[in-house]
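S.K.:
Laid out in structure tokens, this is it:
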């Protein structure tokens, strides 16, 4: 559990980095032999790229570091349950284990809507652990969306004042 806390804390730092640039705060680290070999955070709006998810970025970096597309002995830590694209990339990269913070009941594919990570029909399944530092991961997302709603409310009020 100490190991999980250490690496999820790193993923949360990356999620906060995403929030600081106005991105939905999702962070991810990939660990191999007790070392972080890939880091990523959500940058979809910043990069104007659908593929700029935390997990995809971390997988790209880890693959470069390993010199291989196979990440068979790696553990991926992510603050929010992966979407269908990221869950597919995790399976394609053969990541051994996925550790999630918050679940995503609207779009999660690690057990909420679907469980792509453990489908027996595929040639690879990941070991999945859910709810690691769930409260801390959820808090980052909750705060971000609260601030976003407040910001949008202020913009709307400013627009209304300008029209008067």
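Residue numbers (this note's numbering): 116 to 279.
Cβ atoms here follow ideal geometry from the backbone N, Cα and C, with glycine treated the same way.
Everything numeric in this text was worked out from a predicted model, so none of it was measured.
Just list the residues that DSSP pairs residue 230 with in beta bridges.
M.R.: The partner list for residue 230 (beta bridge, DSSP) reads 225.
S.K.: What is the DSSP secondary structure of residue 116, reduced to helix, strand or coil?
M.R.: Correct three-state label for residue 116: coil.
S.K.: For residue 259, count the other beta carbons within 10 Å of its own beta carbon; 16 or more makes it buried, fewer makes it exposed. Which is it?
M.R.: Under this definition residue 259 is a buried residue.
S.K.: Please list the terminal residues of the continuous beta strand (DSSP E) segment that includes residue 212.
M.R.: Where residue 212 is concerned, the enclosing beta strand (DSSP E) stretches over 212-217.
S.K.: Of the choices 199, 137, 210, 131, whose alpha-carbon is the least far from that of residue 173?
M.R.: Taking only the C-alpha atoms, the option nearest residue 173 is 210.
S.K.: Could you tell me which whole beta strand (DSSP E) segments of length 3 or greater appear in the segment 137-186?
M.R.: Listed in chain order, they are 142-147, 150-156.
S.K.: Just to confirm, are residue 147 and residue 189 a CB contact at a threshold of 7 Å?
M.R.: Yes, these two residues count as a Cβ contact at 7 Å.
S.K.: Determine the extent of the beta strand (DSSP E) in which residue 193 is found, giving its start and end residues.
M.R.: Residues 190-195.
S.K.: Can you tell me the Cα-Cα spacing of residue 228 and residue 132, whole angstroms?
M.R.: Their backbone Cα atoms lie some 27 Å apart in a straight line.
S.K.: Could you check the C-alpha separation between residue 153 and residue 207 for me, to the nearest Å?
M.R.: Residue 153 and residue 207: Cα-Cα distance of roughly 16 Å.
S.K.: I need the straight-line Cα distance from residue 273 to residue 257, nearest angstrom please.
M.R.: If you take the alpha carbons of residue 273 and residue 257, they lie about 24 Å apart.
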